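Read the structure below first, then the notes.
Numbering (this note's numbering), first residue to last: -15 to 156.
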């Protein structure tokens, strides 16, 4: 089995008793800490896939009484972040995004109607860059993206009327 490395954001920094409970629940492959005011658990978990590793870690965290808020994935980026990642100027990337440069069809921001910084998904931008610009850029593991969608959905599941309509959509 491969060692899967990932970081889970927790709802709060664990107390000493909770750390004991986390270790008893099987989180002896994690380091717990606070990074820029955010409680995290950094895992080096043996599992066949990243999805298996994340799912087992979340179950263990929850069995110890904490909540896994999200998995750190670096999927949401600004145009400045994208320019840094691909080694091109911010203006060049801005022109790709507006269609003033390149073939057009740059993935839209996830927050198009918001004023201020726009965010893009690397999981959508990277394939476009490979196809249209010809740069060999790495993908983000889709398991990270889906894990965060699932965790976010779980946080809101009791607030959505007729949730089964959406879970059926996911299963389709």
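All residues carry an ideal CB built from backbone N, CA and C; glycine is no exception. Bear in mind the structure is a predicted one, so any value in this text is a computation, not a measurement.
Residue i to residue j span [Cα, whole Å]
i           : j           : result
residue 85  : residue 35  : 37 Å
residue 23  : residue 51  : 11 Å
residue 87  : residue 117 : 9 Å
residue 141 : residue 135 : 10 Å
residue 156 : residue 95  : 26 Å
residue 81  : residue 92  : 8 Å
residue 109 : residue 21  : 29 Å
residue 112 : residue 72  : 15 Å
residue 41  : residue 145 : 29 Å
residue 59  : residue -3  : 24 Å
residue 9   : residue 28  : 15 Å
residue 78  : residue 130 : 27 Å
residue 154 : residue 148 : 10 Å
residue 98  : residue 1   : 42 Å
Residue i - containing beta strand (DSSP E), residue span
i           : result
residue -8  : -14 to -6
residue 29  : 22 to 31
residue 129 : That residue, residue 129, is in no beta strand (DSSP E); its alpha helix (DSSP H) goes 126 to 140.
Minimum C-alpha distance to residue i - residue among the options
i           : options           : result
residue 53  : 146, 99, 128      : 128
residue 55  : -12, 99, 100      : -12
residue -5  : 29, 1, -15, 18    : 18
residue 30  : 16, 100, 149, -10 : -10
residue 25  : 77, 114, 38       : 38
residue 57  : 132, 1, 16        : 132
residue 13  : -8, 0, 1          : -8
residue 126 : -14, 1, 100, 33   : 33
residue 115 : 100, 89, 143      : 89
Host alpha helix (DSSP H) of residue i (start-end)
i           : result
residue 4   : 0 to 8
residue 152 : 147 to 155
Task: Entirely enclosed beta strand (DSSP E) segments - the segment 42 to 78, minimum 3 residues - done: Residue ranges of uninterrupted beta strand (DSSP E) with 3 or more members, entirely inside the segment 42 to 78 and ordered along the chain, are 52 to 55.
TODO: Inspect the CB distances between the segment 93 to 111 and the segment 58 to 69 and report whether three or more fall short of 8 Å.
DONE: yes
Task: Cβ contact (3+ pairs, closer than 8 Å) linking the segment -2 to 9 and the segment 42 to 58 - done: yes
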